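J.:
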Amino acid sequence: MEEYKKIANVTKKIDPDAPHDVILVLDATSGQNVINQVEEFNKIIPITGLIMTKLDGTAKGGILLAVAKKYKLPIIALGLGEKEDDLQIFEAEKFAEHLLKLIN
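Sequential numbering from 1 applies to the sequence shown in my numbering.
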(Lines of atoms letter the chains of each structure in order from A and count residues from 1; the text may use other names and numbers.)
(Lines give C-alpha, C1' and ligand atoms only; values in the text may rest on other atoms or scores of the structure.)
Protein backbone atom coordinates (compact mmCIF):
# COMPACT_ATOMS: atom_id res chain seq x y z
CA MET A 1 0.00 0.00 0.00
CA GLU A 2 2.93 2.34 0.53
CA GLU A 3 3.59 2.17 -3.22
CA TYR A 4 0.19 3.77 -3.86
CA LYS A 5 1.13 6.66 -1.58
CA LYS A 6 4.36 7.11 -3.53
CA ILE A 7 2.50 7.15 -6.84
CA ALA A 8 0.12 9.82 -5.52
CA ASN A 9 3.03 11.91 -4.22
CA VAL A 10 4.91 11.73 -7.53
CA THR A 11 1.84 12.75 -9.52
CA LYS A 12 1.25 15.67 -7.13
CA LYS A 13 4.72 16.99 -8.01
CA ILE A 14 3.66 17.18 -11.65
CA ASP A 15 0.10 18.35 -10.98
CA PRO A 16 -0.76 19.59 -7.46
CA ASP A 17 -4.42 18.68 -8.03
CA ALA A 18 -3.60 15.04 -8.82
CA PRO A 19 -4.94 12.47 -8.59
CA HIS A 20 -8.13 13.66 -10.25
CA ASP A 21 -9.83 10.29 -10.03
CA VAL A 22 -8.94 7.08 -8.26
CA ILE A 23 -10.93 4.20 -9.65
CA LEU A 24 -10.56 0.91 -7.83
CA VAL A 25 -10.96 -2.22 -9.97
CA LEU A 26 -12.49 -5.09 -8.02
CA ASP A 27 -12.65 -8.80 -8.83
CA ALA A 28 -16.20 -10.17 -8.55
CA THR A 29 -14.88 -13.54 -7.41
CA SER A 30 -13.43 -11.94 -4.26
CA GLY A 31 -16.86 -11.82 -2.61
CA GLN A 32 -16.90 -10.30 0.88
CA ASN A 33 -13.15 -9.57 0.68
CA VAL A 34 -14.06 -6.65 -1.57
CA ILE A 35 -15.21 -4.72 1.51
CA ASN A 36 -11.76 -5.04 3.11
CA GLN A 37 -10.04 -4.07 -0.13
CA VAL A 38 -12.06 -0.88 -0.45
CA GLU A 39 -11.59 -0.06 3.24
CA GLU A 40 -7.80 -0.45 3.14
CA PHE A 41 -7.27 1.25 -0.20
CA ASN A 42 -9.51 4.16 0.78
CA LYS A 43 -7.31 4.79 3.84
CA ILE A 44 -4.31 5.38 1.57
CA ILE A 45 -5.89 7.28 -1.33
CA PRO A 46 -9.54 8.34 -1.37
CA ILE A 47 -11.40 6.32 -4.00
CA THR A 48 -13.67 8.18 -6.41
CA GLY A 49 -15.24 5.26 -8.30
CA LEU A 50 -15.51 1.50 -8.73
CA ILE A 51 -15.19 -0.99 -11.57
CA MET A 52 -15.99 -4.67 -11.06
CA THR A 53 -14.56 -7.34 -13.36
CA LYS A 54 -15.13 -11.07 -13.89
CA LEU A 55 -18.90 -10.78 -13.91
CA ASP A 56 -18.99 -13.12 -16.90
CA GLY A 57 -18.40 -16.13 -14.63
CA THR A 58 -20.33 -17.50 -11.69
CA ALA A 59 -19.90 -14.43 -9.47
CA LYS A 60 -23.08 -12.40 -9.11
CA GLY A 61 -21.54 -9.08 -8.06
CA GLY A 62 -24.17 -8.17 -5.48
CA ILE A 63 -21.42 -7.09 -3.09
CA LEU A 64 -20.71 -4.22 -5.48
CA LEU A 65 -23.99 -2.56 -4.54
CA ALA A 66 -23.27 -2.91 -0.83
CA VAL A 67 -19.79 -1.39 -1.20
CA ALA A 68 -20.99 1.45 -3.44
CA LYS A 69 -23.70 2.33 -0.93
CA LYS A 70 -21.50 2.02 2.17
CA TYR A 71 -18.73 4.24 0.80
CA LYS A 72 -20.99 6.44 -1.37
CA LEU A 73 -19.01 5.62 -4.52
CA PRO A 74 -20.27 5.58 -8.10
CA ILE A 75 -20.02 2.38 -10.10
CA ILE A 76 -18.22 3.31 -13.31
CA ALA A 77 -18.14 0.09 -15.34
CA LEU A 78 -18.46 -3.69 -15.33
CA GLY A 79 -16.11 -6.25 -16.85
CA LEU A 80 -18.10 -8.97 -18.60
CA GLY A 81 -15.28 -10.79 -20.40
CA GLU A 82 -11.65 -10.61 -21.47
CA LYS A 83 -11.90 -8.41 -24.56
CA GLU A 84 -11.75 -4.61 -24.46
CA ASP A 85 -15.34 -4.41 -25.68
CA ASP A 86 -16.39 -6.46 -22.65
CA LEU A 87 -15.80 -3.50 -20.33
CA GLN A 88 -19.19 -1.81 -20.28
CA ILE A 89 -20.39 1.42 -18.72
CA PHE A 90 -22.48 0.65 -15.64
CA GLU A 91 -26.22 0.84 -16.21
CA ALA A 92 -28.21 0.40 -13.00
CA GLU A 93 -31.34 -1.00 -14.65
CA LYS A 94 -29.45 -3.66 -16.60
CA PHE A 95 -27.45 -4.63 -13.52
CA ALA A 96 -30.61 -4.93 -11.41
CA GLU A 97 -32.27 -7.09 -14.08
CA HIS A 98 -29.18 -9.30 -14.16
CA LEU A 99 -29.21 -9.74 -10.38
CA LEU A 100 -32.94 -10.49 -10.32
CA LYS A 101 -32.55 -13.15 -13.02
CA LEU A 102 -29.87 -14.82 -10.93
CA ILE A 103 -32.13 -14.88 -7.87
CA ASN A 104 -35.14 -16.42 -9.68
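The C-beta atom is built at its ideal place from N, Cα and C for all residues, glycine as well.
Just so we're clear, the structure is a prediction, and the values are computed from it rather than from any experiment.
1. Out of curiosity, what's the CA-to-CA distance linking D27 and L65?
2. From I45, F95, M52 and L55, pick the residue whose C-alpha is nearest to that of K5; which is it?
3. Apart from the five residues just before and just after M1, which ones in its own chain have a Cβ nearer than 7 angstroms to its Cβ?
4. Reducing DSSP to helix, strand and coil, say where I138 ends up.
5. Within the continuous beta strand (DSSP E) that includes A66, where are the two ends?
6. Starting from V25, follow the beta strand (DSSP E) in both directions and report where the run begins and ends.
T.: Walking through what the data contain:
1. So the two alpha carbons sit approximately 14 angstroms from each other.
2. I45
3. E40 and I44
4. What is shown of the chain runs 1 to 104, which leaves residue 138 out entirely.
5. Not the beta strand (DSSP E): A66 falls in the alpha helix (DSSP H), residues G62 to Y71.
6. Where V25 is concerned, the enclosing beta strand (DSSP E) stretches over I23 to D27.
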